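In the numbering used here, the protein residues as written are 250 to 633. Reading through the structure tokens given below for one structure.
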Ligand SMILES: Cc1cc2nc3c(=O)[nH]c(=O)nc-3n(C[C@H](O)[C@H](O)[C@H](O)COP(=O)(O)OP(=O)(O)OC[C@H]3O[C@@H](n4cnc5c(N)ncnc54)[C@H](O)[C@@H]3O)c2cc1C
């Protein structure tokens, strides 16, 4: 079971202050303008928060996954886009942590840990979303380099990142065992950022297309060996899904807290609506489900950290559960605010829009259910 140490609690309090003072006042504006907030990125870097996914010897904090999860949760209480800055830094760099050599880590981690550089993870393609085994981006070996051609879509941090971990097929006949993972740096000839998405939620987080046209990547940028990529991608998602779950958890808690306060202030029929049992029951369910999600998210982060054999299942379960809770809770928060909840005057409509993505990215919740069911059933011989 997880346990919060004194360090976790101090970290949570520090980030809570930063979130309230620096992030919350900007959250509605950056959502409205769909603006990447460099000032907030600088504030997170100054607080050393980009260092959370990295060991100390590369300039990181050397802390555990639970610390990262706690930070994402606190930021997401006020702004899910800002929380994704930290989650995305983990997602984009975990392939290097999983498969990179010492030389590769020394090359890329220090600037990522300081927040000077941002990372992105590029798996999804127009024809390969839930089914990345059928990706069509090609990498062809040519002397001491690989030449990449293809397209990735829906990539978080497109344009603002310097380091892209990109998945491509080296041998289509081998399917998922014929893929390789590369680090492509911003500015590499043949690599460009294409269309940027205009989104329902997490609007301050840029999401866009990556284009590779005869993009030559040196062999030193290959992570692991040819054929390792699918495993690297799956291990990365196991490590990163608790952060998506934490984003969902933070959104749910932020919406619950806001709705509870509002209910004590809004008067109808001569009394605060918080005195109506119908509202109290909604609030009680919101708080209960959010608290249950927190237990699962923290437990999953702890199991992933330990490399427990149930880590993959718990990672999928926490993402699945916390994101479904976030969607339900934010919808009910809007309901508690009535017509005001539907307007941009209050943050709960943004929270409801932001919650939706947590059911979709890093594997939809249908895919999470497949992961959980397979992990459950694999121990029965006939179904494995
Ligand atoms: C804002 C945003 C940010 C993103 N960031 C990144 C990123 O940084 N890097 C990256 O690589 N990708 C990223 N993605 C992509 C995201 O992970 C995919 O959108 C997601 O995995 C689903 O793929 P898809 O959109 O192609 O949907 P599809 O795979 O086409 O799925 C469509 C529907 O079919 C269902 N479905 C598919 N297969 C099954 C099945 N076997 N059983 C039951 N139902 C099934 C799905 O659950 C879904 O409901 C991002 C997406 C968005 C919107």
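Every residue gets a Cβ at the ideal spot worked out from N, C-alpha and C, and that includes glycine. The structure presented is a predicted model; accordingly, all values stated were derived computationally and were not measured.
1. Can you tell me whether DSSP reads residue 303 as helix, strand or coil?
2. Whose CA, out of 336, 324, 317 and 413, lies closest to the CA of residue 357?
3. With burial defined as no fewer than 16 other Cβ atoms inside 10 Å of the residue's Cβ, what is the status of residue 286: buried or exposed?
4. If you measure between the beta carbons of residue 302 and residue 363, is that distance less than 8 Å?
5. Under 7 Å from any heavy atom of ligand 1, does the C-beta of residue 378 make it?
6. Given a threshold of 16 other Cβ atoms within 10 Å of its Cβ, counted over all protein chains shown, does residue 470 qualify as buried or as exposed?
7. What is the DSSP secondary structure of residue 427, counted as helix, strand or coil?
8. Can you grab the Cα-Cα spacing for the pair residue 624 / residue 324, in whole Å?
9. For residue 580 and residue 450, what's the separation of their Cα atoms in angstroms?
10. Hey, how far is the Cα of residue 377 from the Cα of residue 384?
11. Using only the alpha-carbon positions, how far apart do residue 344 and residue 373 sit?
12. Go through its chain and collect everything with a Cβ distance to residue 394's Cβ below 7 Å, but skip five positions before and after it.
13. Of the residues 370, 289, 400 and 457, which one's Cα is nearest the Cα of residue 430?
14. Just checking: is the beta-carbon of residue 503 within a distance shorter than 8 Å of some beta-carbon in chain C?
15. At the level of alpha carbons, what is the spacing between residue 569 and residue 487?
16. Just list the beta strand (DSSP E) runs in the region 419-505, keeping only unbroken ones of 3 residues or longer that don't cross its boundaries, in chain order.
17. Check for me: the beta strand (DSSP E) holding residue 262 runs from which residue to which?
18. From 365, 615, 610 and 576, pick the residue whose C-alpha is nearest to that of residue 489; which is it?
19. Looking at C-beta atoms only, is the number of pairs between the region 451-462 and the region 511-521 that lie closer than 8 Å three or more?
20. Among residues of its own chain, excluding the 5 on either side of residue 633, which ones have a beta-carbon nearer than 8 Å to its beta-carbon?
21. Rounded to whole angstroms, what is the Cα-Cα separation between residue 420 and residue 428?
22. CB of residue 413 to nearest heavy atom of ligand 1: below 7 Å?
23. Could you tell me the boundaries of the alpha helix (DSSP H) in which residue 401 lies?
Put simply:
1. Reduced to three states, the DSSP call for residue 303 is coil.
2. Nearest of 336, 324, 317 and 413 to residue 357, Cα basis: 413.
3. Under this definition residue 286 is a buried residue.
4. Not in contact: residue 302 and residue 363 (Cβ atoms no closer than 8 Å).
5. In this structure, the C-beta of residue 378 approaches ligand 1 to less than 7 Å from one of its heavy atoms.
6. A residue is called buried when at least 16 other Cβ atoms come within 10 angstroms of its Cβ; residue 470 meets this threshold and is buried.
7. Of the three classes helix, strand and coil, the one that applies to residue 427 here is helix, per DSSP.
8. Those two C-alpha atoms are separated by around 31 Å.
9. If you draw a straight line from the Cα of residue 580 to the Cα of residue 450, it is about 14 Å long.
10. Going from the Cα of residue 377 to the Cα of residue 384 covers about 5 Å.
11. The straight-line gap from Cα to Cα measures roughly 15 Å.
12. So the list reads 465, 466, 467 and 468, once near-sequence residues are dropped.
13. Comparing Cα positions, the closest option is 370.
14. Of the chains in the structure shown, none is chain C; there is only one protein chain.
15. In this structure, the CA atom of residue 569 is about 13 Å from the CA atom of residue 487.
16. Runs of the beta strand (DSSP E) inside the region 419-505: 428-434, 440-445 and 456-467.
17. Not the beta strand (DSSP E): residue 262 falls in the alpha helix (DSSP H), residues 255-267.
18. Checking every option, the nearest Cα to that of residue 489 belongs to 610.
19. Counting Cβ pairs under 8 Å, fewer than three are found: no touch.
20. Residue confidence is low: residue 633 scores 49 on pLDDT, short of 50, so the model does not pin down where it sits. Its coordinate-derived value is still stated next. Contacts found: 626 and 627.
21. Distance between the alpha carbons of residue 420 and residue 428: 7 Å.
22. Residue side-chain check: residue 413 keeps its Cβ at 7 Å or more from all non-hydrogen atoms of ligand 1.
23. Unbroken run through residue 401 is the beta strand (DSSP E), 394-405; no alpha helix (DSSP H).
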